[in-house]
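Student: Numbering (my numbering), first residue to last: -18 to 209. Cβ atoms here follow ideal geometry from the backbone N, Cα and C, with glycine treated the same way.
As structure tokens, then:
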């Protein structure tokens, strides 16, 4: 009876433990818990492991779960770093932010959209333009069978641009002050360059200023020349 009363008395009291650093595989621990060597946390098939030689962390049959909008990696006390943004309007977005907290690069898992703030280099670490492809070919492909009811080009109306319109396998470079480079003014397999040129016919070519190639296989070049 005395032993039972003693244990009851001990376990009914608050227990305070004030321990020093604990080390595993080290007799000089540098933290409250200092583990030297490989580590494994979790169950039989789903676990987190750490390789002390390579420094690699592996999620085995598991994943890194981020429940809300927050930082995955931060460089400092500033706002820069890698973030997972799950707020309204941009659900499922991975962002790299600058020191002001503004995204300079992101990719969206929901709609597949992406954004790159400045220059993007392919095969170069020193891009000289918004898109710089070094020492390599570039391919812009069109469907092998062009659609009978093509969608509109990515941009319409006035403006300066270089445009590959894949739904009609047509090319435009230069500028227009009107709708000359809108969907209904672009012929299939046509080419137009310069300013306010128009190649409406199939296989038509227009080049210069205000030149118009309206018929199939026609060519118009120069200043307001026309192939009607």
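Looking at the structure shown, is residue -10 part of a helix, part of a strand, or coil, going by DSSP?
Tutor: Confidence at residue -10 is low in this model, with a pLDDT of 40, below 50, so the placement of that residue should be treated as unreliable; the coordinate-derived value is given next. Here residue -10 sits in helix by DSSP.
Student: Provide the residue(s) that pair with residue 210 in DSSP beta bridges, ordered along the chain.
Tutor: There is no way to answer for residue 210, as the model of the chain reaches only from -18 to 209.
Student: Taking only the alpha-carbon atoms, compute the straight-line gap between residue -7 and residue 2 and give it to the nearest angstrom.
Tutor: Here the model assigns residue -7 a pLDDT of 45, short of 50, so the residue's position is not dependable, and the following value carries that caveat. Rounded to whole angstroms, residue -7 to residue 2 spans 27 angstroms at the Cα level.
Student: Rounding to the nearest angstrom, what Cα-Cα distance links residue 118 and residue 101 in this structure?
Tutor: When rounded, the distance between both Cα atoms is 16 angstroms.
Student: With distance defined between alpha-carbon atoms, name the residue in 44, 33, 144 nearest to residue 27.
Tutor: Among 44, 33, 144, the Cα nearest to that of residue 27 is on 44.
Student: Buried or exposed for residue 104, please, with buried defined as at least 16 other CB atoms from any protein chain shown within 10 angstroms of its CB.
Tutor: Classification of residue 104: exposed, given that the 10 Å Cβ count is below 16.
Student: Measuring straight from C-alpha to C-alpha, what distance separates residue 75 and residue 122?
Tutor: Cα to Cα, residue 75 sits roughly 29 angstroms from residue 122.
Student: Answer with buried or exposed for residue 37, where buried requires no fewer than 16 other C-beta atoms within 10 angstroms of its C-beta.
Tutor: Classification for residue 37: exposed.
Student: Sorted by chain position, which residues of the same chain lie with C-beta nearer than 7 angstroms to residue 112's C-beta, five sequence neighbours on each side aside?
Tutor: Within the same chain, residue 112 has close Cβ partners 101.
Student: State the Cα-Cα distance for the pair residue 10 and residue 77, rounded to the nearest angstrom.
Tutor: Their backbone Cα atoms lie some 35 angstroms apart in a straight line.
Student: Among the residues of its own chain, which have a CB less than 7 angstroms from the CB of residue 203, if the five just before and after it don't count?
Tutor: Excluding positions up to five away in sequence, the list reads 189, 192.
Student: Can you confirm whether residue 163, when its beta carbon is compared against all beta carbons of chain D, has any partner nearer than 8 angstroms?
Tutor: No chain D is present in this structure, which holds just one protein chain.
Student: Going by CA-CA distance only, name the one from 84, 165, 133 that's closest to residue 98.
Tutor: Selected option, being the one with the closest Cα: 84.
Student: DSSP on residue 163, reduced to helix/strand/coil?
Tutor: Looking at residue 163 - three-state DSSP - the assignment turns out to be coil, as it is neither helix nor strand.
Student: In whole angstroms, give me the CA-to-CA distance for residue 151 and residue 129.
Tutor: Roughly 15 angstroms between the two C-alpha positions.
Student: Using CA atoms only, rank isn't needed, just tell me which of 127, 158, 16 is closest to residue 170.
Tutor: Of 127, 158, 16, the residue nearest in Cα terms is 127.
Student: Where DSSP assigns a beta bridge to residue 84, which residues make up the other side?
Tutor: Looking at the DSSP assignment, residue 84 forms a beta bridge with 78.
Student: So what's residue 28 in DSSP terms, helix, strand or just coil?
Tutor: Three-state result, residue 28: strand.
Student: In whole angstroms, give me the CA-to-CA distance for residue 30 and residue 79.
Tutor: If you take the alpha carbons of residue 30 and residue 79, they lie about 31 angstroms apart.
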